[in-house]
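Trainee: There's a structure below that I have some questions on.
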Amino acid sequence: MFVKPSLAPPATVHFAGIASHLRNNDAMLSVHSLLTIIATDLALARRSRQRRLHFDGHTSSAAACCSLSQQQQSQILSSVTNGSTVSDRKEIRLGLPSKGRMAADTLDLLKDCQLSVKHVNPRQYVAEIPQLTNLEVWFQRPKDIVRKLLSGDLDLGIVGFDTFSEFGLGNEDLIIVHDALGYGECRLSIAIPKYGIFENINSLRELAQMPQWTTEKPLRVATGFSHLGPKFMKDNGFTHVTFSTADGALEAAPAMGIADAILDLVSSGTTLKENNLKEIEGGVVLESQAVLVATRKSLIQREDVRGITKEILERFEAHLRAGGQFTVTANMRGSSTEEVAARVLSQPSLSGLQGPTVSPVFCKRDGEVVSDFYAIVICVPKKALYESVQQLREIGGSGVLISPLTYIFEEIFEKLLDSSFNLNGVRMSKECHIEKLAMADHQKALAEVFGSGAVMR
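The opening position of the sequence shown corresponds to residue 1 in full-length UniProt numbering, with each subsequent residue numbered one higher.
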């Protein structure tokens with residue numbers, strides 16, 4: 001279905017070849033197939049004036065006049081139908097959330113990693129990160145980021161794991177390369193009223209066994225997760241259940257009488273309590289936070305995408321590893337580095353990441369260079385900071401200096417070696433019910449993308 005553009009184009013776009021292909025092949029033209037034809041024609045049109053076309057809510061930049069022949073269009077459509085797409089794109093594309101708290105937190109993370117997004121015009125949906133050559137940033141709705149990763153229009157994206165799971169549909173071409181970016185934490189959970197027939201229902205099993213649910217009167221669930229919701233309920237033995245799709249303000253649905261339960265994202269649970277709703281045991285579908293996603297095809301086929309991905313990943317890891325860590329420096333009198341190190345290591349809070357750094361402090365006394373003091377440098381977590389300072393004082397430390405850490409770079413990528421990381425999800429709680437990918441498949445995927453050296457611990 002074509003929606004008439006709001007602005008008249010300067011020239012006619014010819015879709016005769018597309019219509020002919022549909023008649024000859026008796027198939028429906030997907031939005032992605034149509035956009036592929038237009039994108040290919042863009043490369044031929046070069047400097048032609050652009051306008052906006054809208055197809056069923058999807059927007060694409062198109063040339064003013066299509067120059068492809070009917071035969072060329074048919075060939076392109078056939079290649080798309082067979083699962084291969086035509087793309088001459090050289091730039092690397094990173095999709096970021098365009099609005100809301102997730103968008104702000106994502107920009108903050110990139111800024112903290114010295115990867116600030118240069119967004120000259122806030123009305124534009126494309127920006128850049130000057131530190132990353134040939135990278136374009138595209139601001140999109142989270143669900144559209146996943147869809148465009150699947151279509152090949154994006155190479156990388158940052159979304160919530162819930163969005164990835166709902167719209168990624170288990171597609172093996174999507175790889176989570178970082179599963180815990182440290183923000184956007186929430187859980188997808190079933191909630192029911194505290195009153196009425198649900199007053200004494202406190203678990204998912206009890207909810208499923210309620211005699212009220214029949215073919216004529218099924219359990220009604222309001223949710224915005226039309227893929228995860230039915231799958232979760234089916235996997236947990238619900239046979240009489242229906243779903244109504246809704247976005248936002250789901251908490252009002254039971255009180256309005258349009259649903260018996262809701263399946264929605266929960267952060268603190270305050271909104272549920274204020275609307276007389278409760279979570280139940282076994283009702284958590286998944287736990288979510290922001291994740292970095294890439295397409296397997298881009299990583300395998302393009303060396304530049306692998307390079308950018310590794311740099312982004314290492315910056316993220318180094319920054320997140322340094323979170324809540326402080327460098328503590330103090331001077332201490334001693335007879336040797338070994339003697340001072342022994343005193344430091346005798347204290348439980350002064351071991352640092354791998355041990356203290358002890359080095360002589362030189363000064364000039366009576367014309368001679370002497371070393372009576374030693375400098376102690378250790379890395380300490382915030383929660384143990386004051387205790388560490390006290391222990392340093394007890395063993396003769398003085399002049400204690402404290403500074404926050406910004407990055408901690410390790411020798412290798414932890415995320416490429418972490419055995420608790422998998423391609424289809426974050427670390428799950430015992431209540432979560434998303435099927436995990438086999439570890440052998442994960443190893444194989446890592447080897448395909450980053451080489452055989454990326455083995456698991």
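We put the beta carbon where it would ideally sit given N, CA and C, even for glycine.
Tell me the start and end of each unbroken beta strand (DSSP E) in the region 125 to 190 that is at least 3 residues and wholly inside, in chain order.
Mentor: With a minimum length of 3 residues, the continuous beta strand (DSSP E) runs that stay inside the region 125 to 190 are 126 to 128, 135 to 140, 156 to 160, 174 to 178.
Trainee: With distances taken from CA atoms, which of Leu219, Thr245, Glu317 is nearest Leu228?
Mentor: Nearest option by C-alpha distance: Thr245.
Trainee: Strictly by DSSP, which residues pair up with Cys363?
Mentor: For Cys363, which the question treats as bridged, DSSP gives the partners Val370.
Trainee: Threshold first: 3 residues or longer. Then list the beta strand (DSSP E) segments lying entirely within the region 198 to 282, N to C.
Mentor: Counting whole runs of 3 or more residues, the region 198 to 282 contains the beta strand (DSSP E) stretches 219 to 223, 241 to 245, 261 to 266.
Trainee: I want to know whether the region 201 to 221 touches the region 259 to 266 - three or more CB-CB distances under 8 Å.
Mentor: Because the criterion of three Cβ pairs below 8 Å is met, the region 201 to 221 and the region 259 to 266 touch.
Trainee: To which residues of the same chain is Glu128 closer than 8 Å at the C-beta, ignoring the five residues directly before and after it?
Mentor: Excluding residues within five positions, the ones whose Cβ falls inside 8 Å are Val117, Lys118, Leu135, Glu136, Val137.
Trainee: Give me, in chain order, the residues of the same chain whose beta-carbon lies closer than 6 Å to that of residue 459; leave out the 5 immediate sequence neighbours on both sides.
Mentor: The structure shown does not extend to residue 459, since the chain is modelled only from 1 to 457, so the question has no answer here.
Trainee: Within the same chain, show all residues whose beta-carbon is closer than 6 Å to that of Met102, passing over the 5 residues directly before and after it, in chain order.
Mentor: The answer, listed in chain order, is Gly184.
Trainee: Using the three-state DSSP reduction, which class does Lys194 fall into: helix, strand or coil?
Mentor: Of the three classes helix, strand and coil, the one that applies to Lys194 here is coil, per DSSP.
Trainee: Is Phe326 helix, strand or coil by DSSP?
Mentor: It is a strand residue.
Trainee: Quick test of the definition: if touching needs 3 or more C-beta pairs under 8 Å, does the region 291 to 306 touch the region 144 to 161?
Mentor: Yes: the two stretches touch, three or more of their Cβ pairs being nearer than 8 Å.
Trainee: Which residues mark the beginning and the end of the alpha helix (DSSP H) in which Ser388 is found?
Mentor: Where Ser388 is concerned, the enclosing alpha helix (DSSP H) stretches over 385 to 394.
Trainee: Any contact of the region 189 to 196 with the region 268 to 287, i.e. 3+ C-beta pairs under 8 Å?
Mentor: Because the criterion of three Cβ pairs below 8 Å is met, the region 189 to 196 and the region 268 to 287 touch.
Trainee: Please classify Asp88 as buried or exposed, where buried requires at least 16 other C-beta atoms within 10 Å of its C-beta.
Mentor: By the neighbour-count rule (16 or more Cβ atoms within 10 Å), Asp88 is not buried but exposed.
Trainee: Alpha carbon to alpha carbon, how far is Ser189 from Leu286? Give it in angstroms, no decimals.
Mentor: Whole-angstrom Cα-Cα distance: 7 Å.
Trainee: Between which two residues does the beta strand (DSSP E) holding Val400 run?
Mentor: Residues 397 to 404.
Trainee: Look at the alpha carbon of Thr106 and the alpha carbon of Gly257, and state the distance between them as a whole number of angstroms.
Mentor: Spanning the two alpha carbons is a distance of roughly 38 Å.
Trainee: Can you grab the Cα-Cα spacing for the pair Asn121 / Leu96, in whole Å?
Mentor: Approximately 16 Å, taken between the alpha carbons.
Trainee: Give every residue of the same chain whose Cβ lies closer than 7 Å to the Cβ of Cys113, excluding the five residues on either side of it in the sequence, and list them in chain order.
Mentor: Contacts found: Arg315, Phe316, His319.
Trainee: Any contact between the region 328 to 340 and the region 388 to 403? By contact I mean 3 or more CB pairs, one from each, below 8 Å.
Mentor: The region 328 to 340 is in contact with the region 388 to 403.
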